[in-house]
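Residues in the sequence shown are numbered from 16 upward in steps of one, following my numbering. Note that CB positions come from ideal geometry on N, CA and C, so glycine has one too.
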Amino acid sequence: MSDFYNQINKNALPAHVAIIMDGNGRWAKANGQPRAYGHINGVKSVRAVTEAAAELQIKYLTLYAFSTENWNRPKEEVDALMGLLVSTIEKETETLNKNNMRLTTIGDTKRLPEPVYKKLMGCIESTSSNTGTTLNLALSYSSRWEIAEMVRQISEDVKNGKISSSEINDELISSYLSTKDIPDPDLLIRTSGEYRISNFLLWQIAYSELYFSPVMWPDFTKENFYEIIVDYQKRQRRFGKTGEQIEESK
Ligand code: IPE
Ligand code: IPE
Ligand code: MG
Numbered sequence: 016m017s018d019f020y021n022q023i024n025k026n027a028l029p030a031h032v033a034i035i036m037d038g039n040g041r042w043a044k045a046n047g048q049p050r051a052y053g054h055i056n057g058v059k060s061v062r063a064v065t066e067a068a069a070e071l072q073i074k075y076l077t078l079y080a081f082s083t084e085n086w087n088r089p090k091e092e093v094d095a096l097m098g099l100l101v102s103t104i105e106k107e108t109e110t111l112n113k114n115n116m117r118l119t120t121i122g123d124t125k126r127l128p129e130p131v132y133k134k135l136m137g138c139i140e141s142t143s144s145n146t147g148t149t150l151n152l153a154l155s156y157s158s159r160w161e162i163a164e165m166v167r168q169i170s171e172d173v174k175n176g177k178i179s180s181s182e183i184n185d186e187l188i189s190s191y192l193s194t195k196d197i198p199d200p201d202l203l204i205r206t207s208g209e210y211r212i213s214n215f216l217l218w219q220i221a222y223s224e225l226y227f228s229p230v231m232w233p234d235f236t237k238e239n240f241y242e243i244i245v246d247y248q249k250r251q252r253r254f255g256k257t258g259e260q261i262e263e264s265k
């Protein structure tokens, strides 16, 4: 086993890791290839990280695969990404089942082309009773879309008397988001050396530890993932308290 793997404290793992998988296009360009080639090669990184999370028994892994804003990319690229989604779901459903993994999704998936939507729902259904790691794919997702949906639903429920406006608090808001069944991410990783969030889980990452890796997504390996977990475990999460208070409560 690798150095970093051995340094991981298996009793202090993050329950939820979220990843902004970025850098496919630049990786392809650096290799003199079209952008789609980068996306194709990004799939093996998805496989590697998913496998690593399952082996470590991390409960939730959320991968940002396609944002609301990504619909604005050239049609050719969007089509390539959608095609890749279909073939990957097709190929990987069996592996997910073998590894006792469950697939879930967040985002405006109704916008996905019919074949993608059908494959996705098929895989979700087929893996729904698995009890290991949940792989949560953010597809046609953006945080502002999700927040607007939440506000719309809360206002409807106030209007129809299901809740009263005085009940609106942190917890209630969280329960109206698409991540309602998932704890907030403990750790958010972004690859490719970009230092931004790009409309991802804005509400949920209020107290997440952030890690920005320079590695382009198609080059991202299990080893990179382990190294980040080790770094995460060295941090002190204070949630507004003092370091001393955190030490005392241990
Ligand atoms: C991430 O890689 C994949 C998606 C956003 C779908 P990019 O395609 O954004 O790659 P860069 O950022 O252009 O290198
Ligand atoms: C964020 O990457 C979205 C995904 C990884 C799916 P982008 O490449 O779309 O983000 P920006 O445009 O550089 O902020
Ligand atoms: Mg990008």
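Identity of the residue in the options nearest residue i by Cα
i: residue 147; options: 110, 39, 121; result: 110
i: residue 72; options: 172, 23, 207; result: 23
i: residue 203; options: 121, 244, 181; result: 244
i: residue 76; options: 63, 168, 171, 103; result: 63
i: residue 128; options: 96, 117, 142; result: 96
i: residue 33; options: 100, 221, 114, 205; result: 205
i: residue 219; options: 99, 186, 106; result: 186
i: residue 100; options: 158, 209, 57; result: 57
i: residue 19; options: 108, 177, 67, 231; result: 67
i: residue 37; options: 145, 133, 235; result: 235
i: residue 104; options: 212, 256, 151; result: 151
i: residue 89; options: 199, 166, 190, 40; result: 40
i: residue 102; options: 46, 210, 45, 55; result: 55
i: residue 122; options: 114, 159, 108; result: 159
i: residue 211; options: 227, 154, 65; result: 227
i: residue 125; options: 156, 44, 145; result: 156
Pairwise C-alpha distance: residue j and residue i
i: residue 268; j: residue 163; result: The shown model of the chain, from 16 to 265, leaves out residue 268, and the question about it has no answer.
i: residue 26; j: residue 193; result: 28 angstroms
i: residue 195; j: residue 83; result: 20 angstroms
i: residue 197; j: residue 190; result: 10 angstroms
i: residue 237; j: residue 207; result: 16 angstroms
i: residue 262; j: residue 249; result: 14 angstroms
i: residue 80; j: residue 35; result: 8 angstroms
i: residue 50; j: residue 86; result: 15 angstroms
i: residue 29; j: residue 199; result: 10 angstroms
i: residue 254; j: residue 223; result: 10 angstroms
i: residue 241; j: residue 21; result: 9 angstroms
i: residue 130; j: residue 251; result: 45 angstroms
i: residue 74; j: residue 31; result: 6 angstroms
i: residue 181; j: residue 168; result: 16 angstroms
i: residue 2; j: residue 247; result: As displayed, the chain neither begins before 16 nor continues past 265, which places residue 2 out of reach and without an answer.
i: residue 78; j: residue 107; result: 15 angstroms
Three-state class that DSSP yields for residue i in the structure shown
i: residue 214; result: coil
i: residue 241; result: helix
i: residue 181; result: helix
i: residue 32; result: strand
i: residue 170; result: helix
i: residue 224; result: strand
i: residue 104; result: helix
i: residue 175; result: coil
i: residue 60; result: helix
i: residue 254; result: coil
i: residue 87; result: helix
i: residue 204; result: strand
i: residue 141; result: helix
i: residue 19; result: helix
i: residue 127; result: coil
i: residue 110; result: helix
i: residue 191; result: coil
i: residue 95; result: helix
i: residue 158; result: helix
i: residue 115; result: coil
i: residue 151; result: strand
Short CB-CB distance (under 7 angstroms) between residue i and chain C
i: residue 166; result: The structure shown contains no chain C, having only a single protein chain.
Quiz item: At a cut of 8 angstroms, does the stretch 137-145 reach the stretch 111-122 through at least three beta carbon pairs?
Solution: yes
Self-check item: At least 3 beta-carbon pairs within less than 8 angstroms: the stretch 92-107 vs the stretch 169-184
Solution: Contact between the stretch 92-107 and the stretch 169-184 is absent: fewer than 3 CB-CB pairs across the two stretches fall below 8 angstroms.
Exercise. Can you list the residues near ligand 1, meaning Cβ strictly closer than 5 angstroms to any non-hydrogen atom, in the order they appear in the chain?
Key: 37, 38, 39, 40, 41
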